[in-house]
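Okay, structure first, notes after.
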Amino acid sequence: MPPGPDASSLAAAVLDAATPPAAAAATSRVLDYLTRHAADQPRAFFADAFPSLLYRLFVSSPSSASFIDLAAADPALPDLLLTLLAPSGPLLAAAAAADRLALIRFVFPNERLPDWLRHALASPASTHPASPLLSPRVGSDLHLSVFEYYLFWFAYYPVSSASPAASASTSNPGLRTRSRLESWVSTLATTAIRKPGQKPESSIYLKLLYAYLCEFVPTRTLPGRVGGGGTLLHRTANDGVESFARAEFLLHTLVQFWLVGDDFSPLPVQTCHALGLRLPSRARAELSERPPSPGLGDAVKLLVMYLNCCDGHALENVDAPRPSQGIPVSNGLLDTQAGFWNPLIQRPLYRFILRTFLCCPIGAAIKNATQAFSVWLAYMEPWKVTQQELDGYGMQQAPEDQELQKCNMVYNSSWKTYVLSNYLFYSSMVVHFVGFAHKFIHSDVASVLLMVYKVLEVLSSTPELLDLLHKVDAAYHAKLVADDVLKYVPSIREQLKDWEDGLSENDADGSFLHEHWNSDLRLFSYDENGAYNLLQLLLIRAESEILRLSGDAQQALQTLDSIKSKMKRVFQGQIGRIHESTSSLEELHYQHQQARGEVFTPKHPSLGKSSWDDVKYRGEWMKRPISETEVAWLARILIRLSDWLNDALGLDRGDANDSPAAARATYIRFDRNDLNTVGGPKDAARVALVALCSVIVLVGRALLKFMRSHRVKINLRVFASKKLLSAAVVLYAMVAVTRNSSG
132 MPPGPDASSL
142 AAAVLDAATP
152 PAAAAATSRV
162 LDYLTRHAAD
172 QPRAFFADAF
182 PSLLYRLFVS
192 SPSSASFIDL
202 AAADPALPDL
212 LLTLLAPSGP
222 LLAAAAAADR
232 LALIRFVFPN
242 ERLPDWLRHA
252 LASPASTHPA
262 SPLLSPRVGS
272 DLHLSVFEYY
282 LFWFAYYPVS
292 SASPAASAST
302 SNPGLRTRSR
312 LESWVSTLAT
322 TAIRKPGQKP
332 ESSIYLKLLY
342 AYLCEFVPTR
352 TLPGRVGGGG
362 TLLHRTANDG
372 VESFARAEFL
382 LHTLVQFWLV
392 GDDFSPLPVQ
402 TCHALGLRLP
412 SRARAELSER
422 PPSPGLGDAV
432 KLLVMYLNCC
442 DGHALENVDA
452 PRPSQGIPVS
462 NGLLDTQAGF
472 WNPLIQRPLY
482 RFILRTFLCC
492 PIGAAIKNAT
502 QAFSVWLAYM
512 EPWKVTQQEL
522 DGYGMQQAPE
532 DQELQKCNMV
542 YNSSWKTYVL
552 SNYLFYSSMV
562 VHFVGFAHKF
572 IHSDVASVLL
582 MVYKVLEVLS
592 STPELLDLLH
602 KVDAAYHAKL
612 VADDVLKYVP
622 SIREQLKDWE
632 DGLSENDADG
642 SFLHEHWNSD
652 LRLFSYDENG
662 AYNLLQLLLI
672 RAESEILRLS
682 GDAQQALQTL
692 DSIKSKMKRV
702 FQGQIGRIHE
712 STSSLEELHY
722 QHQQARGEVF
732 TPKHPSLGKS
742 SWDDVKYRGE
752 WMKRPISETE
762 VAWLARILIR
772 LSDWLNDALG
782 LDRGDANDSP
792 AAARATYIRF
802 DRNDLNTVGG
812 PKDAARVALV
822 ALCSVIVLVG
832 RALLKFMRSH
842 RVKINLRVFA
852 SKKLLSAAVV
862 LYAMVAVTRN
872 SSG
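Right, dumping it as structure tokens:
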């Protein structure tokens, strides 16, 4: 065994490496150390140097960047890191040897875990862990093997690299929330909408991710790996079950750190109820306004595309369970094309994308949200994922004929089960995305229109896909339809309720779909809240914004025309019926007057006869989206306070006749003998005070009865107005100055 000081000096060299050349030199020293001690089990290395190495590899701080980030600035560092961290490299080989002998266990810092995992560790241990990640739990900590410890840090890298300040503020939730929002507004780790054929840069992290997925997660192209005949860690597995457990642990780690993250509803509702696991109300309220970590787009997209290529038949001969995802999946929803690992990522991915659309701050750049949008598109078109495209993540450039090849790959009936088991991605998510588009149409009209066009292009890509979507929608709304899709309706209803759990609790996220949230599918609905009318209204707003564009607006106008053409295909024969009552966009605009609020207020004044200031919010006025004329944090506090008062006073119950207190009248009786026995001023004052209080109670009850009968509620939100607060400050200043001058 190597001497301790050797490993200690190696740890010091790694921690002190703050520049690309120093990082390259430190990496070379680690490679040399592991090569010299390959024959033995260097416990001193894992005890002294390994934690420091992982910290410098994957965590950036305000003073120094991580080795992964420094790799772009040094030509030698990327090759050294790939050699060290490859699945067959010396580091993971040493980790496998150490785990085989159970030399050492590690505790991952709790403050760097996703919020719900920290809460689960603080709760009493369950006999059935909510996640495989909780299997190595000992008390309130996770005791991880060397390989598991490495995977945790590897998965933590994109979360920490989104904002260097985030890793420095993990111990302070308030600072971490502020850092998360700042990183959304900044341009760190962002991805704009790419032109056709443009491949994302294959960073060293994506190369490692793809290498680990190929090595540890079986695919249909390499089914032989499951039996233990692969390289490195598969060779150490006793059988396929251990190999399956390793793959499941890797995927659960990536899903929990990336997709679930700080989600306040991390597990299916049924699973949480069964295990008695629920986040505290305060933590749930805090997390409900927190967007997912930015900068995860490319890594999540690669994970999604790779898993969509996975084939369940690769594990048919392995005595291993289906992947854990929290809720059972009906046998009709899982086949080869649905994907063996698909149930594992369905709910977390849906909520990741939806939370991104809902919680993206108004002041953020639109390109921050396009990362999640790109993931969504890739998930909706798994038939376009090719092995050649995936292999491109290990190369510098994608093959030139790749885009031409993908154009010829369209939906066919073999993907029917995949679409049905992921129907909400093709329906409900589209309507939520239209709400997001309304929210940001004034910020970047060209990008928003291009995103809308891409979504409609997916839906209308083939008549077979569009017909299937219409059939399911008809079955969902109890219309006459073929029996082959009826069996999926109960699962879709359950998914709609579970996947969007709690997301309607945020009343100030700029969305306008709260009234009927989780209750229906509205993609092919033609009422006020239907996707068609919302898209028509979006086109009206887009035309107004395009006229205000500086420079050439021809491209945006062409996209607008393309959207109208796609809408005719998506909504098929319903267009004529709608236009019987709505013959023009101007009439549709007038139809939406008195129905929408500030979420539709454009950046610039509207042209023509109608004014956007006349458009009213359709929902509860107190819970309308927060506008620029209000203090956001104060408005949220006053909304919650108003809700509490309305609930305490019974104003939410509507009619006053429902209240037991209002069922009978209250009378005040005065006894003449009592009036004659008033002994003096004190007794007279007491009687007067009692009478005054009684009158106040009577007036208060009468006022409450009036408010209940007329459905009037308390609304303290008006005090969050910036104008009112400014006037109050000015008035206070005038009074203070007057008082000082008179004194």
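Residue numbers (this note's numbering): 132 to 874.
For each residue, glycine too, the CB sits at the ideal point set by N, CA and C.
Run of the beta strand (DSSP E) containing residue i, from where it starts to where it stops
i: residue 683; result: Taken as a continuous stretch (DSSP letters only), residue 683 belongs to no beta strand (DSSP E), as it is neither H nor E.
i: residue 274; result: 272-275
Cα-Cα separation, residue i to residue j
i: residue 553; j: residue 379; result: 21 Å
i: residue 866; j: residue 852; result: 21 Å
i: residue 864; j: residue 856; result: 12 Å
i: residue 488; j: residue 651; result: 19 Å
i: residue 387; j: residue 238; result: 17 Å
i: residue 523; j: residue 440; result: 15 Å
i: residue 832; j: residue 781; result: 12 Å
i: residue 229; j: residue 620; result: 50 Å
i: residue 579; j: residue 672; result: 12 Å
i: residue 132; j: residue 546; result: Residue placement at residue 132 cannot be trusted, given a pLDDT of 42 that sits under 50; the coordinates are not used to answer.
i: residue 384; j: residue 343; result: 13 Å
i: residue 206; j: residue 264; result: 37 Å
i: residue 150; j: residue 425; result: 25 Å
i: residue 629; j: residue 667; result: 30 Å
i: residue 542; j: residue 690; result: 24 Å
i: residue 569; j: residue 683; result: 22 Å
i: residue 503; j: residue 220; result: 32 Å
i: residue 858; j: residue 834; result: 29 Å
i: residue 235; j: residue 280; result: 11 Å
i: residue 475; j: residue 617; result: 24 Å
i: residue 422; j: residue 491; result: 6 Å
i: residue 678; j: residue 571; result: 16 Å
i: residue 717; j: residue 663; result: Low local confidence applies: a pLDDT of 46 at residue 717 is under 50, so the model's placement there is unreliable, with the coordinate-based value given in what follows. Residue 717 and residue 663: Cα-Cα distance of roughly 15 Å.
i: residue 471; j: residue 155; result: 40 Å
i: residue 382; j: residue 843; result: 51 Å
i: residue 778; j: residue 402; result: 30 Å
Limits of the unbroken alpha helix (DSSP H) element including residue i
i: residue 438; result: 428-439
i: residue 512; result: Segment: none, residue 512 is in no alpha helix (DSSP H) and carries neither H nor E.
i: residue 389; result: First-last for residue 389: undefined, no H or E at that position.
i: residue 400; result: 400-406
i: residue 676; result: 662-677
i: residue 585; result: 576-590
i: residue 261; result: No alpha helix (DSSP H) contains residue 261, which DSSP labels as neither H nor E.
i: residue 490; result: 473-490
i: residue 114; result: Summary: the structure shown does not reach residue 114, with the chain confined to residues 132 through 874, and so no result is reported for it.
i: residue 546; result: Premise fails: residue 546 is in no alpha helix (DSSP H) and is neither H nor E.
i: residue 871; result: 853-873
i: residue 566; result: 559-571
i: residue 777; result: 763-779
i: residue 838; result: 812-840
i: residue 338; result: 335-347
i: residue 651; result: Segment: none, residue 651 is in no alpha helix (DSSP H) and carries neither H nor E.
i: residue 520; result: 518-522
CB-CB length for residue i against residue j, believed under 8 Å
i: residue 509; j: residue 687; result: So it is not a contact: roughly 25 Å between Cβ atoms.
i: residue 337; j: residue 233; result: Actually they are not in contact, since the Cβ atoms of residue 337 and residue 233 sit about 33 Å apart, beyond 8 Å.
i: residue 157; j: residue 148; result: 4 Å
i: residue 557; j: residue 590; result: 7 Å
i: residue 198; j: residue 285; result: Wrong, their Cβ atoms sit about 12 Å apart, outside the cutoff.
i: residue 396; j: residue 633; result: 5 Å
i: residue 432; j: residue 506; result: 5 Å
i: residue 142; j: residue 160; result: So it is not a contact: roughly 10 Å between Cβ atoms.
i: residue 513; j: residue 549; result: 6 Å
Contact test: residue i Cβ vs the ligand FAD heavy atom, cutoff 8 Å
i: residue 539; result: For the structure depicted, the ligand FAD is absent and the ligand set is empty, with no information on it obtainable.
For the stretch 243-257 against the stretch 208-219, are there 3 or more C-beta pairs whose distance is under 8 Å?
no
Would you call the stretch 223-234 and the stretch 171-178 in contact, with 3 or more CB pairs under 8 Å?
yes
Do the stretch 813-824 and the stretch 764-777 meet, that is, are 3 or more Cβ pairs less than 8 Å apart?
no
Which residue spans inside the stretch 150-227 form an unbroken alpha helix (DSSP H) run of at least 4?
151-167, 181-189, 198-201, 208-216
At 4 residues or longer, and completely inside the stretch 592-626: list those alpha helix (DSSP H) runs for me, N to C.
594-607, 614-617
Examine the Cβ distances between the stretch 394-412 and the stretch 265-276 and report whether three or more of them are shorter than 8 Å.
no
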